[in-house]
Each structure stands twice: as structure tokens, then as C-alpha cells.
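Since the structure comes first, as C-alpha cells, the remarks are kept for the end.
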Amino acid sequence: MLLELARWLAHDIRAFNVFNYITLRAVLATMTALVISFMVGPTMIRKLTEYKVGQAVRDDGPQTHLVKAGTPTMGGALILVAIAISTLLWADLTNRYVWVVLVTTMGFGIIGWVDDWRKVVHRNPKGLSAKEKYFWQSLIGFGVAIYLYSTATLPAETELIFPFLKHLVLPLGAVSFIVLTYLVVVGSSNAVNLTDGLDGLAIMPTVLVSSALAVFAYAAGHLYFSKYLGIPYVPGSGELAVFCAAMAGAGLGFLWFNAYPAEVFMGDVGALALGAALGVVAVIVRQEIVLFIMGGVFVVETLSVAVQVTYFRYTKKKFGEGRRIFLMAPLHHHYEQKGWKETQVVVRFWIITMMLVLLGLSTLKLR
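Residues in the sequence shown are numbered consecutively from 1, following our numbering.
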């Protein structure tokens, strides 16, 4: 929106040409999202408190979490508002990738909103049933996958590349590309959702990973940078750096209120949307495996739940009594049960994510 205005003004005032630079608009998008979060956050938290949109704490969870009951949830709506406004202001709205990512993010946000609304307003502890949730997630996931494949103009836009291996590229057909895209988008959405269990635990890794994806997006959308770095050239993907920057700014703004002790929780409306956003950006810039590396905390948290449930069911069927590998799942609760304080778990997971993000960024050159 503002880019079009700047381009119009540039006909008379050449200084406005500076807004054509993606890097500048990415910085401005970060700052805009951050300011929006700071401005809207207190009002939104106050309204959520007035409407008694409070978090219900699971009875079988850590006992230390019982004091959090009633803390306003659905605060992820603040993140989505900041992302949407900032992106619409600073991104090139003629770029199809910007709309793909925005629609995907908001679509998953709506699913999370309905789930949260049923839980906290209608007092339905189940919210959306698992079948309902996966149906709508799958509908959006397959829709995005089919669109991206059908509109791909270069072979590089549908190839699977492997980090650290310069010449190993796997061409993907229609079915394999669509299935992979579906798994990445829906999988990352649910992975972030499972990680969102402690104050600030999910949002900071999201900020770090989205910031790194901004670098990948900028490089993939630049013909000479992509050629020099040996990564696929995806025309137009550079504009996603603005979106990723907006997501990072919105996340940092939300962290201001979500840091321990949290004034507001993200809820499914934020976690599902942010995870899907990371997934679809990674698919567009052809960095699915790098996302797996940088989002290692999300991956391990998800695997801990899958392993715990599978092993419990297996042992119950075989021995008549369910057994557990972890003291509690997801993994962050396991460490709480081992005696780690909540802030220790959160900060240590942040540190691990920072190391994994640096490892992911290193694949730009170590090929």
C-alpha cells in the first residue's frame, strides 16, 4: 500500500525510490508490527480480561501451572493483527507470494480462533474436535500446495534441495510436491501449537526462525545472490522477507506481554497460524529441510508427544498397563517434572533454537 504511494511520489521526488529496497521495507515492517503490538496489546488484554476469556489449565499438568488459570488467552490475535497491517502497509501487494502466505496464515488463525472460542467462551474443553481441526487444516494445506505447484514457472520452484550438499537436488512431481507441502505446512502448524505450553516458549523460537527465513527469502528472490549461494532462484520470493520481518516484529511485541509471568497467552489462534506461516514460507523458498533444522525445538516437542502416546498405547495393549518414556509430554513438561524452573526451560530452549538457526543460516554458504 505505502509502496505504491512511494512509487507514485517518486515520479516527482526521487528520494522516495528508496522504498523499492526490500531490506528497508523489511526493517520498517518489523518496527511497524512492534509498535502496533505495543499500542494494541494493553487494550486487547484488558478486553479479554473483561470478557473472561481465560485459559483453562489441564488438571494432569504440572501443579505449578494451576496459578495460571484465568490468564487471558487468544492473544495470538494481536500477533495476526500486527502482521496483517504491517505486511499490507509495506509489502508489494502485486506479489502473489505475499497473498499466499497471508491467506494461509489467516486461514489457520481462523481455525485456531474457533477452537479457542469454543474452549474459553462456550466452556467446551475439547474445542474443535481433532477430526474437524485436521479437516480444515488439510483443506487449506492441500489448497496452498496445489496452487503453488500449478503456478510454478521454473523447475527450481518445485525441487527439493538438501543443505550442505551443493549438487544433490531431488525433482518433485505433482503428487510428491503437494504431499510434502501439505506435511510441512500442517506439521509445522501443529508443532508450534504443541510447543506453546510455557510463557514465551513458542514465540521467541518463532521470531528467530522467521528472521532467518527472511534472509533465505531475500536471497532466493535475488538472481545473483541465489546463483552465488547455490540456492534455488524463486522470482518474487524476496518480498516474503517483508512478511517474515513483520512476523518477527509482531512476535517480539507479543513477547513483551507473554514473558514470564505472562499477562496473556497466545492460544491456538496464534500458534496454529504462526506455524503454518513458517511452513509455507519455507516451501516457497525451497528450504523445507532447513526449517526442520532451525525449528528443531518444535520438532523434538512434537516427537516427544508422538513417542509418549505410541509407547503408552503399546505397553497398555501388551502388558495391560500403560508406561511412559517421559515424565510428562510435551518435552518441556518433562524437564519441569525433573525440577527445572519454567524460566530455565524457556531460556534454554531459546538458546538451543538460536544455535540451530545459526546452523541453518550456515547452509547458505557451506554447500
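Positions of the beta carbon are idealized from the N, C-alpha and C atoms, including for glycine. All values reported here derive from a predicted model rather than from experimental measurement.
According to the DSSP assignment, P42 belongs to the alpha helix (DSSP H) that extends over I22 to E50. Excluding residues up to 5 positions away in sequence, L93 lie with their Cβ nearer than 8 Å to the Cβ of W99 in the same chain.
Residue environment: P42 is assigned as exposed (fewer than 16 neighbouring CB atoms within 10 Å of its CB, all protein chains considered). Beyond the five residues adjoining it in sequence on each side, I36 comes within less than 8 Å, by CB distance, of V81, A82, I85, S86, A250 and G253 in the same chain, given in chain order.
Look at L252 here: in three-state DSSP terms it is helix.
Unbroken alpha helix (DSSP H) runs of no fewer than 4 residues, entirely contained in the stretch 154 to 185, are not found. The count of Cβ pairs closer than 8 Å, one atom from the stretch 153 to 172 and one from the stretch 209 to 217, stays below three, leaving the stretches out of contact. Taking a 10 Å sphere around the C-beta of P261, we find fewer than 16 other C-beta atoms and assign the residue as exposed.
Going by C-alpha positions, G295 is about 26 Å away from R96.
Contact between the stretch 265 to 275 and the stretch 190 to 205 is present: 3 or more CB-CB pairs across the two stretches fall below 8 Å.
Ranking Q287, W350 and R323 by CA distance to the CA of F164 puts Q287 first.
Leaving aside the five residues that flank A246 on each side, the residues in its chain whose CB is nearer than 6 Å to its CB run, in chain order, A29, A33, I83, S86 and T87.
In terms of Cα proximity to A130, the closest of G143, V299, F142 and V114 is V114.
Here the stretch 291 to 308 does not lie against the stretch 217 to 225, with fewer than 3 beta-carbon pairs under 8 Å apart.
Counted as a single uninterrupted DSSP element, the alpha helix (DSSP H) harbouring W117 occupies residues R96 to V120. The beta carbons of A276 and S189 sit closer together than 8 Å.
Remark: C-beta atoms of G267 and T73 approach each other more closely than 8 Å. Beta bridge pairing from DSSP links P205 with no other residue. Counting along the chain, Q337 sits inside the alpha helix (DSSP H) bounded by residues L331 to Q337.
Around the beta carbon of R46, a 10 Å sphere encloses fewer than 16 other beta carbons of the protein chains shown; the residue is thus reported as exposed. The Cβ atoms of V290 and A329 lie no closer than 8 Å to each other.
Taking the C-beta atoms as reference points, L361 is found no nearer than 8 Å to I231. For L223, the enclosing alpha helix (DSSP H) begins and ends at L223 to L229. Distances from the alpha-carbon of T206 to those of L327, I352 and R324 put I352 closest.
Counting only residues of its own chain and dropping the five nearest sequence neighbours on each side, I140 has a CB closer than 6 Å to the CB of G107. For C244, the closest alpha carbon among the candidates V184, I22 and F349 is that of I22. Per the coordinates, the alpha-carbon of V280 lies some 42 Å from the alpha-carbon of F319.
Straight across, the Cα-Cα distance linking W350 with G187 is about 21 Å. Between the C-alpha atoms of I325 and V307 there is a straight-line separation of about 8 Å. For K227, the closest alpha carbon among the candidates G127, L278, E263 and K166 is that of K166. Pairing L128 with T343, the inter-Cα distance amounts to about 30 Å. Closest in alpha carbon position to A282, among V120, G76, L180 and G143, is L180.
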